[in-house]
Every structure is written in C-alpha cells, then in structure tokens.
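Numbering (our numbering), first residue to last: 265 to 368. We put the CB at the ideal spot given by N, CA and C, even for glycine.
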C-alpha cells in the first residue's frame with residue numbers, strides 16, 4: 265500500500281531499471297520446474313520481480329509437461345525484469361484476468 269511505497273522512497277532504494285539498473289537487476293522469482301511441479305497464484309501482486317539479463321522472469325513454469333495444475337488468476341505483475349510470465353515445455357496452464365504493466 266501507500267505506506268509500503270513510502271518506505272521504499274524513504275530508504276532511498278528504488279527498483280525501476282531506469283532509476284538504478286545495478287540495484288534493480290535482481291528481484292523475486294516464482295518458479296515451477298520439472299514434472300509434477302505447479303504454481304497456483306490468485307489475487308496477488310508481484311512488483312519488481314525477475315532477474316535482468318538472465319532470462320528469469322517474475323513467474324516461470326518450465327518442463328512441467330502436459331495437464332499442468334498451474335494457474336495464474338486475477339493478479340498484477342508490475343515492472344518486472346525479463347518479463348512477467350514465461351511458460352516453456354508446459355501445457356494446460358490457466359492464465360486469466362491478469363494485468364502485466366511495464367515488464368521489461
């Protein structure tokens with residue numbers, strides 16, 4: 265919320281690549297890697313996630329095979345590095361009602 269955003273400004277730490285690329289290159293990543301793995305996100309916000317230059321987006325679903333139980337619903341992914349959501353080698357992922365904004 266507003267208090268959390270204010271805390272970022274007060275500490276002098278900013279996480280937008282245009283503000284300070286060295287500081288902002290590495291954020292969180294939610295990953296499901298390999299058969300039987302899954303990600304179930306609903307009504308969440310991920311801000312400043314991903315890892316710049318390493319092909320690591322904020323949310324990665326990789327090599328999960330067919331009929332994945334994963335979904336990403338009604339969530340917001342804002343200002344993430346290397347993209348917001350990447351799906352590779354996985355099918356049946358439900359992705360709906362999300363907002364991706366200024367992901368680089």
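Following the continuous beta strand (DSSP E) through residue i, name the residue where it begins and the one where it ends.
{"i": "residue 357", "result": "Looking at the DSSP string, residue 357 is not in any beta strand (DSSP E), and its letter there is neither H nor E."}
{"i": "residue 329", "result": "323-329"}
{"i": "residue 297", "result": "294-297"}
{"i": "residue 340", "result": "340-342"}
{"i": "residue 318", "result": "Note, residue 318: premise wrong, no beta strand (DSSP E); not H, not E."}
{"i": "residue 309", "result": "309-311"}
Counting only the same chain and skipping the five closest in sequence on each side, list residues whose C-beta sits under 8 Å from that of residue i.
{"i": "residue 318", "result": "346"}
{"i": "residue 307", "result": "337, 338, 339"}
Would you call residue i buried or exposed, if buried means 16 or more other Cβ atoms sit within 10 Å of its Cβ?
{"i": "residue 344", "result": "buried"}
{"i": "residue 299", "result": "exposed"}
{"i": "residue 324", "result": "buried"}
{"i": "residue 291", "result": "buried"}
{"i": "residue 363", "result": "exposed"}
{"i": "residue 358", "result": "exposed"}
{"i": "residue 360", "result": "exposed"}
{"i": "residue 355", "result": "exposed"}
I'd like the list of long-range same chain contacts for residue i, defined as Cβ closer than 6 Å, with 5 residues on each side in sequence excluded.
{"i": "residue 322", "result": "310, 313, 314, 341, 344, 348"}
{"i": "residue 352", "result": "326"}
{"i": "residue 297", "result": "326"}
{"i": "residue 289", "result": "316"}
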